[in-house]
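Peer 1: What follows is a single structure, and I will ask about it in a moment.
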Amino acid sequence: MKILLLGGTGAMGIHLAEILSKENHKVVITSRKKHEARGTIIYREGNAKDLEFIKNVLMEEWDAIVDFMIYTENEFRERSELLLKSTGHYIFLSSSRVYNKCNGLLNENSNRLLDSIKDVKFLKTSEYSLNKARQEDILFSSGCKNWTIIRPYITYSNKRLQLGTLEKEDWLYRALNNKTIVFSEDMKRCVTTLTYGFDVANGIASIISRENAFGETYHITNNYSNEWNEILDIYLDTIEKKLGKRPKVVFQNLSDFKSWNPSIYQIKYDRLFDRKFDNTKINESIDTKNFITVENGLRACMNDFIEDPEFLSINWKKEAIKDKFCGEKTPLKSISGLKQKFKYLRYRYL
Numbered sequence: 052m053k054i055l056l057l058g059g060t061g062a063m064g065i066h067l068a069e070i071l072s073k074e075n076h077k078v079v080i081t082s083r084k085k086h087e088a089r090g091t092i093i094y095r096e097g098n099a100k101d102l103e104f105i106k107n108v109l110m111e112e113w114d115a116i117v118d119f120m121i122y123t124e125n126e127f128r129e130r131s132e133l134l135l136k137s138t139g140h141y142i143f144l145s146s147s148r149v150y151n152k153c154n155g156l157l158n159e160n161s162n163r164l165l166d167s168i169k170d171v172k173f174l175k176t177s178e179y180s181l182n183k184a185r186q187e188d189i190l191f192s193s194g195c196k197n198w199t200i201i202r203p204y205i206t207y208s209n210k211r212l213q214l215g216t217l218e219k220e221d222w223l224y225r226a227l228n229n230k231t232i233v234f235s236e237d238m239k240r241c242v243t244t245l246t247y248g249f250d251v252a253n254g255i256a257s258i259i260s261r262e263n264a265f266g267e268t269y270h271i272t273n274n275y276s277n278e279w280n281e282i283l284d285i286y287l288d289t290i291e292k293k294l295g296k297r298p299k300v301v302f303q304n305l306s307d308f309k310s311w312n313p314s315i316y317q318i319k320y321d322r323l324f325d326r327k328f329d330n331t332k333i334n335e336s337i338d339t340k341n342f343i344t345v346e347n348g349l350r351a352c353m354n355d356f357i358e359d360p361e362f363l364s365i366n367w368k369k370e371a372i373k374d375k376f377c378g379e380k381t382p383l384k385s386i387s388g389l390k391q392k393f394k395y396l397r398y399r400y401l
């Protein structure tokens, strides 16, 4: 088959490309960066958010399209028909953040926030969980059935290691620079489910071009769940074993944590919910019992990252607020650019 991965260079896409290539499918990945072809994997350099670029790509025939892009509702509405008509099977990456709070196991029919929440102010936003649900609705009402919706939850890799709402730049950067990790007291006992990107990719590969997956929705997650406190301990144990020193951690009340963390709705309507999943539906295609355990997966990814650490840009306003709370300082020589140095000094000392 000839399969197009839109934005397929993230924690799931890189693994999916390798899996499909090993099955001798031709895989084309769109990316804004230049990449060298390898095996049956080739790249199309360009921005898949650019409608003219994507129209040109979709002039070719595609057996399947797997769409990892993050669109606004209007962006998706203006291209959904084109995407559906350009392939035999369109796979849309949504998110399990669309679900409302559930006291038991979440399944694909569990209530979505969009349909069941009463928070009028929240519903007026384009927050990620609502945005994905609204895009799902565009597919539901499209009149087509050659689509499948995938709802992964928190997916990790050696380049993405989350702690609650925090990306690695918010907590792991501090840990590896002998600073105190700042986390939420309210969140640490909440239950979450983390899944290795390779396992999610295998789940996606298992339903590509399967007609009984058309018009269906699946979440693909680990069978096992952990408190965030347990996830934090896995991270701390791995760092201590690797570097010989255990990072310090302080826990803030919710008000203080929100003061520097802008993801207010993600905290309120996701990370403070217990997230456990019923994988019965996807298990018709792949056995999730074979997914790597969270402890083994996170340790392996952490060890890989520590061997070759690479951080995206650091938010120095956030770092200053955390340093102030912890009574710590960042040497100005560690901060690039006068503007960022002044920003740090302003929020650290004023």
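Quick note on numbering: the sequence shown equals residues 52 to 401 in the working numbering. For glycine and all other residues, C-beta sits at the position ideal for the given N, C-alpha and C. Because the structure is a prediction, the values reported are computed rather than measured.
1. Please identify the residue among Asn125, Glu112, Glu124 whose C-alpha is closest to the C-alpha of threonine 138.
2. Have a look at Leu363, Ile201, Asn182, Gln213 and flag the residue whose alpha-carbon is nearest the alpha-carbon of serine 387.
3. Would glutamate 178 be called buried (16 or more neighbouring beta carbons within 10 Å of its own) or exposed?
4. By Cβ distance, which residues of its chain are closer than 7 Å to alanine 99, with the 5 residues on each side in sequence left out?
5. Assuming asparagine 354 and lysine 293 form a contact by the criterion Cβ under 8 Å, report the distance between their Cβ atoms to the nearest whole angstrom.
6. Under DSSP, the alpha helix (DSSP H) around arginine 128 begins and ends at which residues?
7. Between phenylalanine 249 and the rest of its own chain, which residues show a CB-CB distance below 7 Å, the 5 nearest in sequence each way excluded?
8. Quick one, are the C-beta atoms of alanine 197 and tyrosine 141 less than 8 Å apart?
9. Quick one: what does DSSP say leucine 396 is sitting in, helix, strand or coil?
10. Roughly how many angstroms separate the alpha carbons of leucine 164 and serine 276, rounded to a whole number?
11. Let me confirm a value: threonine 206 is counted as buried when at least 16 other C-beta atoms fall within 10 Å, else exposed. Which label applies?
12. Please list, in chain order, all residues of the same chain as asparagine 75 whose beta carbon is under 7 Å from its beta carbon, the five residues on each side excluded.
13. Can you have a look at asparagine 253 and say buried or exposed, based on whether 16 or more other CB atoms are within 10 angstroms of its CB?
14. If you count every other CB in all the chains shown that lies within 10 Å of the CB of glutamate 370, and 16 or more means buried, which is it?
15. By how many angstroms is the C-alpha of aspartate 114 removed from the C-alpha of arginine 83?
16. So, for isoleucine 271: in the same chain, excluding its five sequence neighbours on each side, which residues have a beta-carbon less than 6 Å away from its beta-carbon?
17. What residue ranges within the segment 172-253 form continuous beta strand (DSSP E) runs of no fewer than 3 residues, ordered along the chain?
18. Please check the pair arginine 148 and aspartate 321, which I expect to be a contact at CB under 8 Å, by giving their CB distance rounded to whole angstroms.
19. Since lysine 53 is in the beta strand (DSSP E), which residue starts that stretch and which ends it?
20. Assuming serine 72 is part of the alpha helix (DSSP H), what are its boundary residues?
21. Taking its Cβ as the centre, do 16 or more other Cβ atoms sit within 10 Å of serine 336, making it buried, or is it exposed?
22. Taking only three categories from DSSP, how would you classify threonine 402?
23. Compute the Euclidean distance between the alpha carbons of serine 167 and aspartate 359, then round it to the nearest angstrom.
24. Do threonine 216 and alanine 264 have their C-beta atoms closer together than 8 Å?
Peer 2: In short, the structure shows the following:
1. Start at 1 with the first residue of the sequence shown, and residue 138 comes out as number 87. Minimum Cα-Cα distance from threonine 138 among the listed residues Asn125, Glu112, Glu124 corresponds to Glu112.
2. Working through the sequence shown from its first residue, we reach residue 387 at position 336. Considering only Leu363, Ile201, Asn182, Gln213, the residue with the shortest C-alpha distance to serine 387 is Leu363.
3. Taking the first residue of the sequence shown as position 1, residue 178 is located at position 127. Counting Cβ neighbours within 10 Å, glutamate 178 comes out buried, since at least 16 surround it.
4. For this step, residue 99 is matched to residue 48 along the sequence shown. Closer than 7 Å at the Cβ level, and outside the excluded window around alanine 99, lie Leu57, Gly58, Thr81, Ile105, Met120.
5. Here residue 354 is taken as the residue at index 303 of the sequence shown, counted from 1. Here residue 293 is taken as the residue at index 242 of the sequence shown, counted from 1. Indeed, because the Cβ distance is near 6 Å, the residues count as touching under 8 Å.
6. The residue you call residue 128 lines up with position 77 of the sequence shown. Its alpha helix (DSSP H) spans residues 124-136.
7. The count along the sequence shown starts at 1 and reaches residue 249 at position 198. Excluding sequence neighbours, phenylalanine 249 sits near His66.
8. As a working mapping, residue 197 is identified with position 146 in the sequence shown. As a working mapping, residue 141 is identified with position 90 in the sequence shown. The sequence shown places asparagine at residue 197, not alanine. In this structure, tyrosine 141 lies closer than 8 Å to asparagine 197 by Cβ.
9. Along the sequence shown, read from residue 1 onward, the residue named residue 396 stands at position 345. Reduced to three states, the DSSP call for leucine 396 is helix.
10. Counting from 1 along the sequence shown, the entry for residue 164 is found at position 113. Counting from 1 along the sequence shown, the entry for residue 276 is found at position 225. Approximately 21 Å, taken between the alpha carbons.
11. One-based indexing of the sequence shown puts residue 206 at position 155. Buried, by the Cβ-count rule.
12. In the sequence shown, counting from the first residue as 1, residue 75 sits at position 24. So the list reads Thr91, once near-sequence residues are dropped.
13. Taking the sequence shown and counting its residues from 1, one reaches residue 253 at position 202. Burial call: buried.
14. As a first step, residue 370 must be located in the sequence shown, where it is residue number 319. Buried: at least 16 other Cβ atoms inside 10 Å.
15. Start at 1 with the first residue of the sequence shown, and residue 83 comes out as number 32. Start at 1 with the first residue of the sequence shown, and residue 114 comes out as number 63. For arginine 83 and aspartate 114, the gap between their C-alpha atoms comes out near 23 Å.
16. Locating residue 271 in the sequence shown gives position 220, counting from the first residue. Only Pro203, Val251, Gly254, Ile333 meet the Cβ criterion.
17. 198-201, 205-207, 232-235, 245-247
18. The count along the sequence shown starts at 1 and reaches residue 148 at position 97. The count along the sequence shown starts at 1 and reaches residue 321 at position 270. Yes, arginine 148 and aspartate 321 are in contact; Cβ-Cβ is about 5 Å, under 8 Å.
19. Here residue 53 is taken as the residue at index 2 of the sequence shown, counted from 1. Its beta strand (DSSP E) spans residues 53-57.
20. Taking the first residue of the sequence shown as position 1, residue 72 is located at position 21. Where serine 72 is concerned, the enclosing alpha helix (DSSP H) stretches over 64-73.
21. The residue labelled residue 336 in the question sits at position 285 within the sequence shown. Per the 10 Å Cβ criterion, buried.
22. Any question about residue 402 goes unanswered here, given that the chain covers just 52 to 401.
23. Taking the first residue of the sequence shown as 1, we reach residue 167 at position 116. Taking the first residue of the sequence shown as 1, we reach residue 359 at position 308. Straight-line Cα distance between these residues: approximately 44 Å.
24. Translated into positions along the sequence shown, residue 216 becomes position 165. Translated into positions along the sequence shown, residue 264 becomes position 213. Contact: no.
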